[in-house]
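Those protein sequence lines, which keep their order, are chains A and B.
Numbering-wise, the numbering used here puts 231 at position 154 of the first sequence, and it's gapless, one number per residue.
Numbering-wise, the numbering used here puts 96 at position 86 of the second sequence, and it's gapless, one number per residue.
Even for Gly, the Cβ is constructed at its ideal location relative to N, Cα and C.
None of the values given here were measured: they were computed from a predicted structure.
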Amino acid sequence: MSIFEYNGSAIVAMAGKECVAIGSDLRFGVQLQTLATDYKKVYKIHDQLFIGLAGLGTDAETLSQRFAFKHNLYKLREERDIKPSAFGQLVSATLYERRFGPYFCQPVIAGLEPDGSPYLCGMDSIGAQETAKDFMVAGTATDSLLGICESLWRPDLGPEELFETLSQALLSGQDRDCLAGWGAVVYVITKDKVIARTLKGRMD
Amino acid sequence: METAQQGGFSFDLCKRNEFFAAKGVQHPGFTKTGTTIAGLIFKDGVVLGADTRSTAGSTVADKNCEKIHFIAPNIYCCGAGTAADTENVTGMVASQLELHRYATGTQSRVVTAMTLLKGHLFKYQGHVSAALVLGGVDFRGPHLFTVYPHGSTDSLPFATMGSGSLNAMAVFEAGFKDDMSREEAMALVARAIRSGVMNDLGSGSNVDLCIITKDGVEYLRNHEYLQTKTYERQFPQKFASGSVPVVRERVYDIRRAVQVVEGEPMEMEVS
Numbered sequence: 078m079s080i081f082e083y084n085g086s087a088i089v090a091m092a093g094k095e096c097v098a099i100g101s102d103l104r105f106g107v108q109l110q111t112l113a114t115d116y117k118k119v120y121k122i123h124d125q126l127f128i129g130l131a132g133l134g135t136d137a138e139t140l141s142q143r144f145a146f147k148h149n150l151y152k153l154r155e156e157r158d159i160k161p162s163a164f165g166q167l168v169s170a171t172l173y174e175r176r177f178g179p180y181f182c183q184p185v186i187a188g189l190e191p192d193g194s195p196y197l198c199g200m201d202s203i204g205a206q207e208t209a210k211d212f213m214v215a216g217t218a219t220d221s222l223l224g225i226c227e228s229l230w231r232p233d234l235g236p237e238e239l240f241e242t243l244s245q246a247l248l249s250g251q252d253r254d255c256l257a258g259w260g261a262v263v264y265v266i267t268k269d270k271v272i273a274r275t276l277k278g279r280m281d
Numbered sequence: 011m012e013t014a015q016q017g018g019f020s021f022d023l024c025k026r027n028e029f030f031a032a033k034g035v036q037h038p039g040f041t042k043t044g045t046t047i048a049g050l051i052f053k054d055g056v057v058l059g060a061d062t063r064s065t066a067g068s069t070v071a072d073k074n075c076e077k078i079h080f081i082a083p084n085i086y087c088c089g090a091g092t093a094a095d096t097e098n099v100t101g102m103v104a105s106q107l108e109l110h111r112y113a114t115g116t117q118s119r120v121v122t123a124m125t126l127l128k129g130h131l132f133k134y135q136g137h138v139s140a141a142l143v144l145g146g147v148d149f150r151g152p153h154l155f156t157v158y159p160h161g162s163t164d165s166l167p168f169a170t171m172g173s174g175s176l177n178a179m180a181v182f183e184a185g186f187k188d189d190m191s192r193e194e195a196m197a198l199v200a201r202a203i204r205s206g207v208m209n210d211l212g213s214g215s216n217v218d219l220c221i222i223t224k225d226g227v228e229y230l231r232n233h234e235y236l237q238t239k240t241y242e243r244q245f246p247q248k249f250a251s252g253s254v255p256v257v258r259e260r261v262y263d264i265r266r267a268v269q270v271v272e273g274e275p276m277e278m279e280v281s
C-alpha cells in the first residue's frame, strides 16, 4: 500500500474563460474504513485563491495551516493578497524544503490572477511544479480523472458550463475509485463572486 | 520560529516517514523527467535540445513541460531526473550567479556554473538526482558539459542525457561533424531529440531548442510541435445547466468595496 492511499481523495481543477473551478470529493477514511463523508480537501487562501491537498490527511491538515499562516505573514508584510503564481512558488518551496523527508501531499492550486486570467498548477510531494492551461488532477482517482478531463475539457468555458464539466468529470472519475467519493464540493471562482456547491454522489 | 530559518533542507519528518516505511507502506515516487536532453557545440556557439514530457510512474504527468532552464543570460541548462531537483538546483545556481555578476560586474562563465552545480550535487552524494547538460558561451568561447547526479562532470563537443540518451547519442555519433553551421546543428539536435521522443517511452511530445552564441540566445519553445491531439471531438460534449445534482449552493460576493485607482500627480506650489 502506498501512503497516498491511506485516506483517499479526488481533486480536480479546471480553467475557463476568466474563471476557474476546483473541487474535491468528501470522503475521509482510513484505508477501507470510511470515517466521515463531509471532509473537504479544498482550502481557501483568499477570495480568489484556493488550494486542494490530496494525499495523507494529517499532512494535508498541517500544510493547510502552514499555508494560512504564511499567507497571513505575507499580508502583514505586503498589505495585499498573494498572487496565485507567487503562491505556487511558495508552496513549491515549502515542499522542497522537505526534499528528504516529505509531506505526503499533492497540492493543486487554482486561482485568478490580478488581471482576471485563470491560474492552475499542480505539484508532486516535493514541489515539482506543473502548470497547466486546461486542468489539473490529484489524489487516488487520478487515473480515471485524467482520461475524463482530457475528453470533456474545452477552452473558454463560462462559469456555469465550467461547473457542469468539472462536476461531471469529478463524479464519474471518483465513482471508479473505492477510496474517494461520497459526494463532492465544487468552488467556481469568478471576478466578482465565488460559487460553492455541494454535489450529490454515490454513497458506496 | 520557522521564519528565522534561512534556506537548507529540513529533515524533521524523516523519522516519521521511516516509521511509515517500517510499517510496510512504501514511499511513492516523484515526478520524473524520463527524458531525452542533448547539446552540441557548433561553429559559433552551442545548441541545446530537450523533449517536453514529464512522467509519474508510467503516467504522463505533463505533456508540454520545460526542461531547458535559465542559468545566466549566456548560459542555459537541460535537466533530467527528478523534476523538483533539476528545477531547484538550476534555480539555485542561477541566483548565485546573478549575485556574482552584481558583485563583479562581469559576465558569468560556464565553468563557474558547472563548478557550483557539481559542488552541490557531490555534497548530496547523488541523493539530489539531477542529470544535466550545461551549455553556454563566455569570453573563452562555447562550452558544453554534462553533470551527473553524483557530481562528476565531462566536457564534450556533443552530449546527451536522460532515458533517451542512447537514442540521441546514436544520432549524434552518426551525424556529428566539427564546425557545423547553425542550421546544420539545429537540425541534428532536433533529430536527436526526435529519436528520443519516438523511440524512448520516457520521452515524448515536442522538441525545445536553445541556441546560444556570443551575440545572444534564441530560445525556441516547441521548435517542433510533434504531438497534437489526433482525436479532437467533432461534437464537443456540452452539459446543460443542472446536469449534476446540487444539494446545497452558497454564493459569496467578493466584489471589492474600495477600488484603488492610480491618481494624477498633484500640482505643486513653488513660490
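Look at V254(B) here: in three-state DSSP terms it is coil, with no helix or strand label. In terms of Cβ geometry, L140(A) and Y83(A) do not form a close pair [threshold 8 Å]. Not a single C-beta of chain A is nearer than 8 Å to the C-beta of E108(B). Going by DSSP, V56(B) is part of the beta strand (DSSP E) stretching over G55 to A60. The beta-carbon of Q245(A) is placed less than 8 Å from the nearest beta-carbon of chain B. Pairwise C-beta distances place the stretch 145-164 of chain A in contact with the stretch 117-134 of chain A, as three or more of them are shorter than 8 Å.
Interface annotation, G204(A): in contact with chain B, CB-CB separation under 8 Å. For F19(B), a Cβ of chain A is located within less than 8 Å of the residue's own Cβ. Taking each of S118(B), T96(B) and E97(B) in turn and checking the Cα distance to Q106(B), the smallest one comes out for S118(B).
Three or more beta-carbon pairs separated by less than 8 Å are not found between the stretch 32-44 of chain B and the stretch 160-171 of chain B, which leaves the two stretches without contact.
Between K160(A) and chain B, the shortest Cβ-Cβ separation is not below 8 Å. At a Cβ-Cβ threshold of 8 Å, G178(A) and L23(B) count as neighbours.
For I78(B), the closest Cβ of chain A is not nearer than 8 Å.
Taking a beta-carbon distance threshold of 8 Å, A60(B) does not count as an interface residue toward chain A. When Cβ-Cβ separations below 8 Å define contact, S194(A) makes no contact with chain B.
For S79(A), at least one C-beta of chain B is nearer than 8 Å to its own C-beta.
One Cα belongs to R253(A), the other to F105(A), and the distance between them is close to 16 Å. For R63(B), no chain A residue has a C-beta closer than 8 Å to its own C-beta; the minimum C-beta separation is roughly 12 Å. The count of Cβ pairs closer than 8 Å, one atom from the stretch 82-89 of chain B and one from the stretch 51-65 of chain B, reaches three, so the stretches are in contact. In the displayed model, A205(A) falls within coil according to three-state DSSP, outside both helix and strand.
Annotated as distal: E76(B) and D263(B), with beta-carbon spacing of 8 Å or more. Burial check for Q183(A): the Cβ neighbour count within 10 Å reaches 16 or more, so the residue is buried. Distance from the CA atom of T46(B) to the CA atom of A202(B), rounded to whole angstroms, is 9 Å. Residues of the stretch 27-41 of chain B that bring their beta carbon within less than 8 Å of a beta carbon in chain A comprise N27, F30, G34, V35, Q36, H37, P38, F40 and T41, in sequence order. Here M179(B) has T170 as same chain residues with Cβ atoms under 7 Å from its own Cβ, once five neighbours each way along the sequence are excluded.
Interface annotation, D22(B): in contact with chain A, CB-CB separation under 8 Å. For D164(B), the enclosing beta strand (DSSP E) starts and ends at T163 to S165. Burial check for D148(B): the Cβ neighbour count within 10 Å reaches 16 or more, so the residue is buried. One Cα belongs to C255(A), the other to L109(A), and the distance between them is close to 8 Å. In the DSSP annotation of this structure, the continuous segment of the beta strand (DSSP E) that includes P152(B) starts and ends at G151 to V157. In this chain, the beta strand (DSSP E) harbouring F212(A) covers F212 to G216.
For Q125(A), there is no enclosing alpha helix (DSSP H), since its DSSP letter is neither H nor E. For the stretch 101-117 of chain A, the set of residues with a beta-carbon nearer than 9 Å to any beta-carbon of chain B is empty. Annotation for K33(B): no alpha helix (DSSP H) segment contains it, and DSSP assigns it neither H nor E. At a cut-off of 8 Å between beta carbons, V119(A) makes no contact with chain B. Secondary structure of A87(A) (DSSP, three-state): strand.
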